[in-house]
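The sequence shown begins at 4 in this note's numbering and counts up by one. In what follows, a single structure is set out as structure tokens and then discussed.
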Amino acid sequence: MKKISVVIINRSNYARLKPLLIQIKKSKKLKLSIITGSSSILSKYGDASNQIKRDGFQIDYEFYSHLAGENIHSMTKSSGLIILELSTILAKIKPDLILISADRFETLATGITASYMNIPICHVMGGELTGSIDEKVRHSLTKLADFHFPNTNRSKKIIIQMGENPKNVFNVGCPSIDLIKSINFSKMVNLNKYSFGRGYRVNLKNKYLTVLIHPDTKKYKDNKQLVLETCKALKTIKYPIIWLWPNIDAGADLIAKHVGEFADKNKQIKFNFYKHFEPEDYLKIINGSACLIGNSSSGIRESSYLGVPVVNIGNRQIHRERAKNVIDVKENYLIIRNAINKQISKKKYKKSFLYGDGNSCKKMVKILEKIIPTSDKKFFIRN
């Protein structure tokens with residue numbers, strides 16, 4: 004059997020790969036090994052490893068690599084620790100192929116480790132354009148990878164343009180759309196099983212907003228303005244708010260601090276904070292909200308298929324392909340407020356198939372079963 008290792012480094016990383024992991028596990032030609040690390044094993048960020056086990060997967064190895072601080076120095080040093088830990092783990096597993104996804108600093112450390120250990124790499128969600136440090140990371144991973152599963156036609160073209168062999172580039176759509184397609188949205192989320200930070204418990208039968216703001220590491224010092232302008236806009240909207248905690252990137256503690264201070268000073272606002280949701284519940288929360296607000300790729304990717312109105316703030320997702328459900332705004336509370344009011348006045352948008360139709364993972368597994376793992380790649384030049 005072909006041994007495939009997958010490194011899970013945070014909650015969204017697992018959520019988007021979960022349907023693919025299910026299909027790999029079912030395959031009679033592939034043997035799955037799961038490695039968890041970084042924020043995926045930290046309670047502060049939801050501890051996705053517990054969810055992975057509840058979903059019936061075995062975790063073969065886990066590693067600790069996160070240096071506290073949530074700043075550009077701790078993030079850089081954490082990358083070095085990942086390389087140290089993973090090199091030991093991968094030497095024990097000896098996988099035929101390692102599967103990585105997207106554009107995280109932890110993923111770049113994984114790609115570096117696998118490359119120097121001559122382990123072939125399959126990269127999911129490459130070729131996309133954004134506006135933060137993620138773009139540098141994503142394209143670096145493309146050049147480290149040997150096989151590619153981009154999620155859109157434009158992404159496929161970009162990867163080939165970067166000198167990758169077209170025979171190793173497969174656009175089959177995004178695994179997260181498969182997960183959406185499998186969900187029974189008529190069954191409401193039970194919020195009582197999740198602990199929440201403070202304030203008002205949202206009634207999901209009524210209108211509510213969902214907010215998810217991650218740090219923009221390129222504009223580390225500007226994250227305060229991003230948060231405060233968003234909070235100031237939300238102060239004028241009368242709907243209750245489900246706010247999910249940011250990811251582990253540099254600036255996360257800064258965001259948490261200013262959101263908490265704003266909530267303390269404005270107790271009349273119906274804020275409801277959560278560390279995380281299970282993947283299916285997270286998508287249900289987004290699907291049921293009147294509007295998703297922030298700078299998460301969920302507003303661009305999953306929300307396009309769900310047709311959820313989105314207000315995307317700032318430059319973190321500026322160049323990513325989006326459907327008609329997204330309004331892009333600057334970090335100004337008046338502009339943010341007007342965009343939210345416009346979006347909550349609408350019903351859902353028409354479903355977009357930009358990132359796939361929900362039948363990606365079985366196609367991916369068939370390709371993984373057939374490919375011959377090799378790390379002997381060359382820059383492809385079209386004649």
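Every residue, glycine too, gets a C-beta built ideally from N, C-alpha and C. Just so it is clear, the structure is predicted and the values come from calculations on it, not from any experiment.
C177 to G359 span [Cα, whole Å]: Linking C177 to G359 through their CA atoms gives a straight-line distance of about 6 Å.
Opening and closing residue of the beta strand (DSSP E) in which L33 lies: L33 to G40 is the span of the beta strand (DSSP E), which, as asked, contains L33.
Presumed contact (8 Å Cβ cut-off) between F188 and K349, rounded CB distance: At roughly 19 Å, the Cβ-Cβ gap does not stay under 8 Å, so F188 and K349 are not in contact.
Sub-8 Å separation of G387 and K159 beta-carbons: Outside the shown range of the chain, which is 4 to 386, sits residue 387, and nothing can be said about it.
For I245, the residue or residues it bridges with in DSSP: I245 is bridged to T213 and N275.
Terminal residues of the alpha helix (DSSP H) in which N290 lies: Looking at the DSSP string, the run of the alpha helix (DSSP H) that includes N290 is P282 to G291.
Residue closest to S68, alpha-carbon to alpha-carbon, out of D58, Y197 and G83: Cα-wise, what sits closest to S68 is G83.
Cβ separation of S52 and I62, assumed to be a contact under 8 Å, to the nearest whole Å: Between I62 and S52 the Cβ distance is about 6 Å, and since that is below 8 Å, they are a contact.
Own chain, CB closer than 6 Å to Y336, minus 5 neighbours either side, in chain order: Here the set comprises E232, K235 and A236.
For G297, three-class secondary structure by DSSP: Three-state DSSP puts G297 in a strand.
Backbone CA spacing between G310 and K327 [nearest angstrom]: Rounded to the nearest whole angstrom, the CA to CA distance from G310 to K327 is 9 Å.
Distance between V332 and I338 (C-alpha atoms, nearest Å): Cα to Cα, I338 sits roughly 7 Å from V332.
Rounded separation between A71 and L371 - CA only: Approximately 37 Å between the Cα atoms of the pair.
Cβ-based burial, G59 [other Cβ within 10 Å; buried from 16]: Using a 10 angstroms sphere on the CB of G59, the tally of other CB atoms stays under 16, which defines it as exposed.
Selected residue, minimal CA-CA separation from D219, among R14, S15 and G317: Out of R14, S15 and G317, G317 has the C-alpha closest to the C-alpha of D219.
Under the three-state DSSP convention, the category C234 falls into: Helix.
Same chain only: Cβ atoms within 6 Å of S43, ignoring 5 sequence neighbours per side: The answer, listed in chain order, is I11, I12, N13, A51 and S52.
Residue range of the unbroken beta strand (DSSP E) whose run includes V205: No beta strand (DSSP E) contains V205, which DSSP labels as neither H nor E.
Option in Y64, S46 and L23 with minimal Cα separation from S36: The residue with the shortest Cα to Cα distance from S36 is Y64.
Neighbour-count burial assignment, I216, 16 or more Cβ in a 10 Å radius: Here I216 is buried, its C-beta having at least 16 other C-beta atoms within 10 Å.
Exposed unless 16 or more other CB atoms sit within 10 angstroms - verdict on N290: That one is buried.
Selection from S300, I27, K190 and K224 that minimises the alpha carbon distance to I75: The shortest C-alpha to C-alpha distance from I75 to any of S300, I27, K190 and K224 is the one to K224.
Helix, strand or coil at V313 according to DSSP, with G and I counted as helix: Note: V313 maps to strand in three-state DSSP.
Backbone CA spacing between L87 and V9 [nearest angstrom]: Our two residues, L87 and V9, have alpha carbons roughly 17 Å apart in a direct line.
Y352 versus A293: straight-line alpha-carbon distance, rounded: Each residue's Cα considered, the two are about 11 Å apart.
Residues bridged to Y197 [DSSP beta-bridge criterion]: When beta bridges are read from the DSSP output, Y197 appears opposite no residue.
Per DSSP, cross-strand counterpart(s) of V9: Under DSSP, V9 shares a beta bridge with I37 and L102.
Span separating the alpha-carbon of K32 from that of P98: C-alpha of K32 to C-alpha of P98: approximately 14 Å in a straight line.
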